[in-house]
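As structure tokens, the structure follows; a few thoughts come after it.
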Amino acid sequence: MLENARCVMFAHAHPDDESLATGALIAHLAGRGVRCVLVTATRGERGEIRPGITDERPLIEIREDELDAACAALGVADRAFLGQGYRDSGMRWLAPGLAGPAADADPGSFTARPAADAQADLVELIDAFSPDALVSYDDAGTYGHPDHVHLHHVAKAAAASAHVPFIEICSDTNDPSWVDLPKTVGAIRAALASYASQLEIVGETAPRPGIQVRHVGGQLQDVHAGVALR
């Protein structure tokens, strides 16, 4: 599972996605000496803040600091934002199981900008870091967030253009390719705890190793210490 790579690049949509979707894989690879590079498409400006958070700085500043702390916990060697400032598109449910950008998404949002621009920006970063593989979402985008789905298409095209293998994160955690990485639970907990503005740690999961978190809206999520790739 990429253990023989020299460098692996991860492309995610917002701060915290790297920890929620690939925290176990990043920590596993970093622990084996693989250089892990993180590219984040937006700064997560549309995120809500958990009640009780007293930090009065702009949310962008808070989330960038949280991202830095999470990267340190996981062992990310280098990180970069994509391009010159794509904005979080937000999300709304258009129909059961079908998500779309928020109704008030601005023209600078990630999904509103031409995919070719984002693709060129990602190719530039691939050229700069020379990864052996690019890891990003499958076409389901984990839970269908429009920024995730858009980034899937951008990353897949950028990898093809740069002649780098593209590896998809399976949205289905019950996929037969799933591999548990129980030794990464501590790193995942530390990374997720960095995002105090967005979620809280509930506890460890069982019997499958991982961490359960509660999001701003009260949703519970089991962040399993493992990954399924294709």
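Per full-length UniProt numbering, the very first residue in the sequence shown carries number 1; after that it's consecutive.
Just so you know, even glycine gets a beta-carbon here, dropped at the ideal spot from N, CA and C.
Sequence-distant residues of the same chain with beta carbon closer than 6 Å to residue i, five excluded per side
i, result
"Asp139", "His152"
"Leu20", "Val223"
Sequence-distant residues of its chain with Cβ nearer than 7 Å to residue i (five each side left out)
i, result
"Thr22", "Phe10, Val135, Ile169, Val227"
"Ala80", "Val39, Leu125"
"Val164", "Ile126, Pro131, Ala133, Leu134"
Nearest-angstrom beta carbon gap, residue j and residue i [assumed within contact, 8 Å]
i, j, result
"Arg43", "Ile26", "Their Cβ separation, rounded to whole angstroms, is 19 Å, which puts Arg43 and Ile26 out of contact at 8 Å."
"Gly100", "Arg46", "13 Å between Cβ atoms; not a contact."
"Arg214", "His224", "Rounded, the Cβ-Cβ distance is 16 Å, inconsistent with contact."
"Asp78", "Val37", "5 Å"
"Leu192", "Ile211", "6 Å"
"Gly108", "Arg87", "5 Å"
"Ala24", "Ile167", "No, Ala24 and Ile167 are not in contact; Cβ-Cβ is about 15 Å, not under 8 Å."
Residue i: first and last residue of the uninterrupted beta strand (DSSP E) it sits in
i, result
"Ala73", "Counting along the chain, Ala73 falls outside any beta strand (DSSP E), though it belongs to the alpha helix (DSSP H) covering 59-74."
"Ile169", "166-169"
"Gly90", "Gly90 -> no beta strand (DSSP E), and no H or E assigned at all."
"Gly203", "199-204"
"Thr111", "From DSSP, Thr111 is part of no beta strand (DSSP E); its letter is neither H nor E."
"Val39", "35-42"
"Gly210", "210-215"
"Ser177", "Careful: Ser177 lies outside any beta strand (DSSP E) and carries neither H nor E."
"His145", "Element bounds for His145: n/a, residue is neither H nor E."
"Leu134", "133-137"
"Ala11", "7-12"
Residue span of the alpha helix (DSSP H) that contains residue i, given as start and end
i, result
"Leu29", "17-31"
"Glu124", "115-129"
"Arg189", "185-193"
Close Cβ partners of residue i (< 8 Å) along its chain, the five nearest in sequence each way excluded
i, result
"Val179", "Met1, Gly226, Val227, Ala228"
"Arg6", "Val34, Arg35, Asp132"
Rounded straight-line distance, which links the Cα of residue j to that of residue i
i, j, result
"Gln198", "Ala133", "29 Å"
"Ile62", "Asp55", "8 Å"
"Leu122", "Val154", "8 Å"
"Lys183", "Asn174", "20 Å"
"Ala116", "Arg57", "33 Å"
"Arg230", "Lys156", "13 Å"
"Ala103", "Gly31", "42 Å"
"Glu48", "Ala105", "15 Å"
"Leu94", "Tyr137", "21 Å"
"Gly217", "Asp16", "15 Å"
"Gln119", "Arg50", "33 Å"
"Phe129", "Arg35", "10 Å"
"Gly141", "Gly52", "30 Å"
"Ala69", "Ser194", "6 Å"
"Ala162", "Ala13", "20 Å"
beta-carbon residue i near the ligand MN non-hydrogen atom, thresh 7 Å
i, result
"Leu192", "The ligand MN is absent from the structure shown, which contains no ligand whatsoever."
Does the count of Cβ pairs from the stretch 99-117 and the stretch 62-75 closer than 8 Å reach three?
Cβ pair count under 8 Å is below three, so no.
Taking 8 Å as the cut-off, does the stretch 143-151 touch the stretch 194-209 (at least 3 CB pairs, one atom from each stretch)?
Result no; under three Cβ-Cβ pairs closer than 8 Å.
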